Structure formats: C-alpha cells, structure tokens
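For the protein sequence lines, the chains are R and D, in the order given.
Residue numbers 892 to 1271, in my numbering, belong to the letters of the first sequence in order.
Residue numbers -12 to 483, in my numbering, belong to the letters of the second sequence in order.
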Amino acid sequence: MKLIKHNAPGWILLIVLATFAIVPEPFLPSHAVGFREVLRHNGLNRADYDRNERGYYETLLDAGRSFGTLGESIQTADFRKHLGPAKHSEEDGRPILPTDDIREYVLKPNVDETAYGTLWQTNSRGLRDLEYSVEKTAETIRIAVLGDSITAGWGVTRPERFEDLWEVALNRMAADRGKIAEVWNFAVPGHSPAQRWKHFEKTGKDVPFDLVIYEATTSDPGWDARRMAHFMAKGQGLDDPLFSSFMQVSKFTPVPKPYTNGETLNRWQWTILQSVYEGIVNQSHKKNLPVAYVLIPRVGSNLSRPEILALLKRARSAGFDYVADLSTVFNDYDPEELSLSPGDYHPNIRGHRILAEAWEHHLAQWPALLDRINESTKSR
Amino acid sequence: MNIPHNMFGLTRGNAVVESHQGLIEQEIDSDRVAQRPADQHFKPLHKKYLPDEKSHATGFVARCLEFYRHLDQGRPTHAHINHRAFWAAWAYLAALTGLVYVYRIEGRAFQIVLATTLAALPIYEIVPFRLKKPLAGFASLIALAQIFGNTTAACVVGFATVLVGFARISRIQWQTRAAIITSTALILAIVRSTSLGANIPPTFWPVAGTILMFRLMIYMYELKHAKKNETLADAISYFMILPNWCFMHFPVVDYRTLQRGFYSRDIIQTRRRGLQMMFVGVTHLLFYRVVYHELLIRPQDVKGLATLGAYLACNYLLYLRVSGQFHIACGLLHLYGHHMPETHNKYLLAHSFTDYWRRINIYWKDFMVKTVFNPVFFRMRKKPQPLALGVATIAVFVATWALHAWQSFWLRGHWGFSLTDALFWGILGAAVLVNVQLDARKKPGLKSASAGTLSKVRHLAGIAGMLLSITLLWSLWSSAGLGEWLSMMQRGLSGL
C-alpha cells in the first residue's frame, strides 16, 4: 500500500481513465460517449480518411466507398504499386453499378473481366458466383452467404476464395446423404452490415433458401454509421426496419451534409450495429430462415480481444441462431504470410484456405445445417 | 546513519529498505548488521534474518547457487531486488497496458511490446546482473518476430549482425570500416529505390532502417573515440531496443548515455520515473486524438483570423503524437534499468529559438551537438568565435535537413525533399543562428541585473512570439506546397 501511495496520483488518473473507457454506453450522457469514441479512435480523422478513401478504394471502385479502418501504413504505397493503376476514369472498366438505395452500388451482372488485380466473373444476378437455377429440388440445400470484400474474394479468383472451398467440402459431406449443397455468395466489397442484408433481400427475393449465413468482420462497428451519413443525406434508408430501433432511441434527423451526419452517427456506432443485427435476425426469421453469424478475421486484426468479445455478445443478444468466432484463426501466422500484399488486410490464397478449414469446422456444428443435411428427402 | 528498526522492512540478503517517509534511505547488509557491537542501541537481529550457517546446499543445487553468485558478481547496489517495489511497478504497468488496450493506443505492435515487457520483467528482475542485457535483447528479438514475422525478423537481425559485427572488427582501420559501411548503406538505398529489392520483405526496410540509420553512426563515433573495447552485450542492448519495434520513428538514443544510465540510479526510482513518463506519453497520445479528430480543421477551411489561429495551434499540437511516443519509448527503457534524460522539456514554453532547439527533441539536439556541432566548432577553434559558432550552427541545420530526408527514405520509402521542407529548416536554422550570436554576445551578469517585472514580461512576450513563429513555420512545413500555404495565409489574414 505504501508503494502505491508513492504514485497515488498516477494510479488515480489511470483508474479514472480506465473506468471511463469501460462504462457501458447507456450509463453515459451522449456527449461523453462521443468524447470517449474520440479518445478510442485510432484511425485517421475525417479529412484524412476521406482523402485516403479517394486515394485507395474510392479510386478503385469510385463509388464513395470505404472498407473500414484502413490506416495509412508504411506499406500502403507498396500496396498501391502492387495493384497497378486504377481505372477510375473509365466507367466501363469497373465491375460495379451504382444504385439509388442504401446499397449505394452492387456488382454488375454478367461481368467477365480483370479488375483490381484479379478476374471478376459475375452471374446474371450480379453475384460473383456460378449461375444457379432458381428451381430448387428436394435434394438441394440452398444457403445464402452475405458478406464483404473478403467473402467476395478480393484479390483472389472465385474458386480460390474460402466460400467456394467450403461449398466443395459441404457437397462432399452432403453427397453421402444424397444431397446437393448450393452456396450463393451475395458478398459485395465494401458493403456495410445493413447493405449486406439489403442486397440479399433485393437480389434474392424470388429465390427459396434454407439457411442464411451472415459474415461479420472486426470492422462491423462503425461501418454502417459511416455509410448512413452518406445515404441518409440523400434521404435514403430513413424508414428502413434495419435502423428502426436506432432511430427510435437516437431521434436522429439527417441533414443533407454527410460530414455533419457522420459527426452524430459516429457516436452511436454500437447502437446502430445492434439495431442492424436485430433487424437482420428479425427479417430472416420472418422468412423462416435460420441465420448464423460468423465472425471472420482480417489479416492483422483491427480490434482488440475485448472489443471482439463485445461484438460477439451483441450478435448473441440480437438473436442469431448460431454464432461462430473465427477471429483468431490467423493469430498463429505472420501477417505477411497471409496478406494479399503488405499492409493489406485481405487474405491471400493461403489465408482463404485456412479460413475455409475453420469455417467448415465451425459450421459443421451448426444444428440447423446438420438437420438439413441429415433430414430425409421425403420428409421435405 | 541510524534508522529505528521498526521503520523499515527487510528483505533477504542485501535489502533495500524504505523509510516511512517513502524515500529509499539506505541499503542494509545483513552480515554487517549482525556484526555490529552490542553496545549500540540496535537490538541484535532475530536469527531468521541472519544467514543460516548450518544449512549448506550440496551437490547440484550448490553448484547452481555458486554459478548464480558468480554471474551475479558486481551487481551494483542500485540493482538490488525489492520484491514489493517491483510488483507495485509491475501492477502499474499491467494497469497501463489495460488502458492501452481499452483505448487502442498505437495498435497491435505496441500491445505486443507491452505484453512482452510484462512477461519479461519478472525474469529480468531476478536474473544475474550480467545476463540482464542479453535477456532484454532476447525479449526484444521475440517481440520483433511476433510483430513483423519470422522472415523479416531473421532478415533484420541477420543484416544488423553482419553490419554491427563488421563495425566492431578492430583489426581493420576505423576509416576503412566507416567507408565500407557508408558504401553498403548507399548500395542498399539504391536497391530499395529500384526493383532490385523486389524479393526482400517490404517490412525489412523500415525496421532495418530504424535500428541502423542513426544508431550505427553514433556507434561508429563511439568506437572511434572509445578508450577500451565495447562489449557485445552493450551492442545488443543498443541495437535491439524493444520499444523500437512499435515506434519506427524513434528518439535517437545516444550509445554512451544508454550505457552510462544502465542502473546508474536506484532501480525503484528509475522504474517509477519510467512509468510516469509512459503515463504522460499516454495522455499526450489521448490529447493528440482530441486535437486530431475534434479540433483540427483542414487548411482549405481557414477563413479569417480565428480559423487561422485555430489551424495553426492545432496543426502544431499534432506534434503531441511524437512527444507521446518518445515519452513512452523512453519510459519503457527505464523499466529495464536505463536511466535516460528527458526527450522533451516543456517545448511549448520556449522563449527563443535556441531555447526551442534545446527543449524540443532533446535527443536529436544532443545527436547533432555530438556528431556535427562539436567536431565543426573545435576544428574552427582558432577562428573568431562568432564565425566558428555560425559555421557549426549552419552545419547542424544542413545535417538535420539531410538526415530528416534520410530518415524519411528508410521509414517511408521516399526522400520527402520539398520546397517547404527546405524553407522550414532554412528559416529555423537562420533564426537559431542569429539567436546563437546574440546569446554569445550577452554579458554574464546581465541576466541578474535585469531580473524583475520587466524581465518577466519580456520572457512572456518571448514565449508568445516563439509560439507564433513556430506555429507559422510548422504550418509551412506541413503544407502541400508554398502556393497552398500562401493562399491559406491570405484567406486567414483577409479578416484583418
């Protein structure tokens, strides 16, 4: 005790700061929550972030996109060099299509071209996937996977990405029971959690599915807040059920300036995320679709372990039928072994293989999936 | 010194005792205490505090103890173990690590460095004194591999070993060694700039650069002037500095200062000072975030005097990140027993350009004084003093400008030469040059004669003027170009 007394002011300040960091959001006034977010913000400020967006992904996709907490790293310049010059002045040279809803953009249908350093082939629905028939036989187990750039296979070809590797493995398992597995990949690079669901809802509305898998990443917190600032400035998504619980709590009224919206929305990022997660679960259950939540890692995680646990806790409380945490599967590897290129968080081919193994292992324990595989064809 | 026996706590063997005033008063050797004559007003110590003469460890244990004692010979009094003080410091470090985690300060590399320190310190505390530096080097190596991967770690350590090993070969003439090392650095710079280095891990360059780009210069300087051979352990402790792996932009630690500071003060005080520095560093980084995310405006948003003032102040305060990182880096060195000088000294309160130069980035100033100013000045000692001072100062600023570009090249991959960069160092150098000449002409008794209200006002005016000058210079340095800076100033001053 005597030794602690020596540094009493240091201990007191440290405890005050630590306590302020961990007090749950509801117990703090909103301006204190906002201030805390500022203190915990280890990324770029808005001006630099916007500049970075333009310099990095936005020049690639040219759709006002950001893929999360990309920091200006010592290797970013090398990465840009690796990708080669972006075709930002050629509208036809990019496999994306702007939309007038909260998705902001989607992949173009029937694309077959090289872009962003790899081959992009999409089907007639604009999914980077095979052309599946809408008709569904009794033997078919149809699964929808919603995700972002990692699930879309940024930087790798379609057969190399983890979702396709899993589909092959799943078919091997299902074949023993006379079943066929179809995994539809609805992932679009840069889509936030709400945009992922909205894309599935719109693109897959006439397709019967058995199961839905929502792919989450450690960048989910804050992602919707950033995108909402833009599309809500245009009056989109205000009455969307995904945001209804957030809108009720916050009484948020957007203005035409994204920057001003962003200032307010960033303070509510966890509340927004909770609202979106609950929306996904509710709407999925309305369609009688069991929905799994799988948290996958980025190469070089951008969240600390307590934050990842907090993210998983929110997923569980939102009511996902199955929650799998794959966020640690890259921990045993050097980032440079798995990264697409230095400073990039997208996994390379090896990273996708590792991810596929972990994905297969965890989802093999999802009761709803096992039921579909094991149930007899007649009972359906 | 007589200390009442109920006012201190003893630990086994050589013990550090702590008075109830909280200051370390004296170390007590239990053997000496036992031999004190009975007529003193000390009671003889209870036998449990005395060495047990009957029990002698035998066999393997005895040999181990003997080996330990042999290794631990020469442990300075400042390195004596005080378990309570150690664990109090460790607990504070653990709490600070928790704070770093919850506020996500400086990312994964910093967290690994802190976790490594937390794991290594208890072992570091008890190992024999002569193994401390190698152990710190080993912990640093583990953290290096954890942070950058085995390939980069192997490349960096291999390359540094070859280069430092070569620098230590005393059979080769110093000039020859210096010439070969300089040539190697230039060849590497060419390799980095071209496609020749395509197969080298990209992280190799900044990591190798951060440990060698300045420290090898200082090490060579010391090898030239050293009167006896420098030990390998000292070299390891100098080049394998653990906090360097999370702060690539690292203070230019002086070799001699690092070695002289090793357990030069009581370890309890040193660690306490280090933890305070780290906490101050963390607060700097948190305040930096407030400035960076909440207060800083873009140069294009400057419209009128108020916004210009806000921009100038906030843009300058971005330096808090550097001072925060340097505080933490230096604080971490203290935890391993290196008592180091401050990295910054209230630089916002500088009242003149020379004062500013002395207060901000003190390690850089010392580096320049040692390697540039003194050699140039003493070479010109037969010339008139103002001339010698002027030439040495100019040499310092030319070297500072060039070496900042050198640093930028190794850490970021480009030299960063620009007109604004040259103007910044040129103007700052000219201002310091004038200041140095004025200071040299001052008569020694003048300061005391002018002490009073007028001098305080003058001092405050000096601080205000210095703040204005340096914020203007800083905004020039960080602007995209001279045209952009002039345009911003025009918009800002249009309200006048």
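In this text, a Cβ means the ideal position worked out from N, Cα and C, and glycines have one as well.
Fair warning: this is a prediction, and the values are worked out from it, not measured in the lab.
Review point. Would you call H57/D buried or exposed, if buried means 16 or more other Cβ atoms sit within 10 Å of its Cβ?
Key: exposed
Check your understanding: Taking all protein chains shown into account, do 16 or more other C-beta atoms lie within 10 angstroms of the C-beta of G145/D, making it buried, or fewer, making it exposed?
Key -> exposed
**Study point:** Three-state secondary structure (DSSP) of E329/D
**Key:** coil
Practice item. Indicate whether at least one CB of chain R lies closer than 8 Å to the CB of G196/D. Key: no
Exercise for review: Look up P63/D in the DSSP assignment and give the residues it is bridged to.
Suggested key: P63/D pairs with nothing; no bridge assigned.
Practice item. Output, in chain order, the set of chain D residues within a Cβ distance shorter than 8 Å of G901/R. Key: Y79, L262, Q263 and F266
Exercise for review: Can you tell me which of the three DSSP states E249/D falls into?
Suggested key: Looking at the sequence provided, one finds Phe at residue 249/D rather than Glu. F249/D falls in the strand class under three-state DSSP.
**Study point:** Amino acids of chain D, ordered along the chain, whose beta-carbon sits closer than 8 Å to that of A909/R
**Key:** A82, G85, L86 and V89
Point to revise | Cross-chain neighbours of V277/D in chain R, by beta carbon under 9 Å | key: F926, V929 and L930
Check your understanding: How many angstroms separate the CA atom of T190/D from the CA atom of A147/D?
Key -> 15 Å
Practice item. Compare the C-beta of A1201/R against all C-beta atoms of chain D and say whether one is closer than 8 Å. Key: no
Exercise for review: Could you pull out every residue in the same chain whose Cβ sits closer than 7 Å to the Cβ of A954/R, ignoring the five residues on either side in sequence?
Suggested key: Interpretation of A954/R is limited by its pLDDT of 27, a score under 50 that renders its predicted location unreliable; no figure is taken from the coordinates.
Review point. Alpha carbon to alpha carbon, how far is F411/D from A300/D?
Key: 17 Å
Exercise for review: Closer than 8 Å by C-beta to F360/D: which residues in its own chain qualify, once you throw out the five before and the five after it? Chain order, please.
Suggested key: A379, T380, A382 and V383
Check your understanding: Does the beta carbon of L273/D sit closer than 8 Å to a beta carbon anywhere in chain R?
Key -> yes
Review point. With 8 Å set as the bound, which would you pick, yes or no: does the beta-carbon of G479/D sit closer than that to a beta-carbon of chain R?
Key: no
Check your understanding: Counting contacts by CB-CB distance shorter than 8 Å, is R247/D in contact with chain R?
Key -> no
Practice item. Would you list the one or two residues that DSSP bridges to Q1012/R? Key: D1003/R
Check your understanding: For E949/R, does the count of other Cβ atoms within 10 angstroms reach 16, so buried, or fall short, so exposed?
Key -> Annotation note: pLDDT 33 at E949/R (below 50); position unreliable, coordinate value reported separately. Label assigned to E949/R: buried.
Check your understanding: Taking Cβ positions, are F97/D and C233/D nearer each other than 8 Å?
Key -> yes
Review point. Can you check whether the CB of R252/D is closer than 8 Å to the CB of L322/D?
Key: no
Practice item. Please decide whether R259/D counts as near chain R, where near means a Cβ-Cβ distance under 8 Å. Key: yes
Point to revise | Outcome for E1073/R when other beta-carbon atoms lying within 10 angstroms are tallied against a minimum of 16 | key: buried
Review point. Three or more C-beta pairs closer than 8 Å, one from the region 1243 to 1259 of chain R and one from the region 1051 to 1063 of chain R: is that the case here?
Key: yes
Point to revise | Any non-hydrogen atom of the ligand SAH within 7 Å of R91/D CB | key: Within the structure as shown, the ligand SAH is missing, as the structure has no ligands at all.
Check your understanding: Relative to the C-alpha of Q1086/R, which residue among N1265/R, G1044/R and E1106/R is closest?
Key -> E1106/R
Review point. Closer than 8 Å, CB to CB, is N1014/R near chain D or not?
Key: no
Review point. Does the beta carbon of S251/D come closer than 8 Å to any beta carbon on chain R?
Key: no
Exercise for review: Look at the alpha carbon of R346/D and the alpha carbon of V1036/R, and state the distance between them as a whole number of angstroms.
Suggested key: 58 Å
Point to revise | Cα-Cα separation, Y79/D to Y350/D | key: 27 Å
Exercise for review: For F135/D, collect the residues of the same chain with a Cβ closer than 7 Å to its Cβ; drop the 5 residues on either side in sequence, then sort them by chain order.
Suggested key: T190 and V194
Check your understanding: If you compare alpha carbons, which of Q287/D, R164/D and L273/D is closest to F911/R?
Key -> L273/D
Point to revise | Within the region 1060 to 1134 of chain R, ranges of the beta strand (DSSP E) (whole runs, at least 3 residues) | key: 1071 to 1076 and 1102 to 1108
Check your understanding: Which residue comes first and which comes last in the beta strand (DSSP E) that contains P989/R?
Key -> I987 to P989
**Study point:** CB contact check: I913/R to chain D, cutoff 8 Å
**Key:** yes
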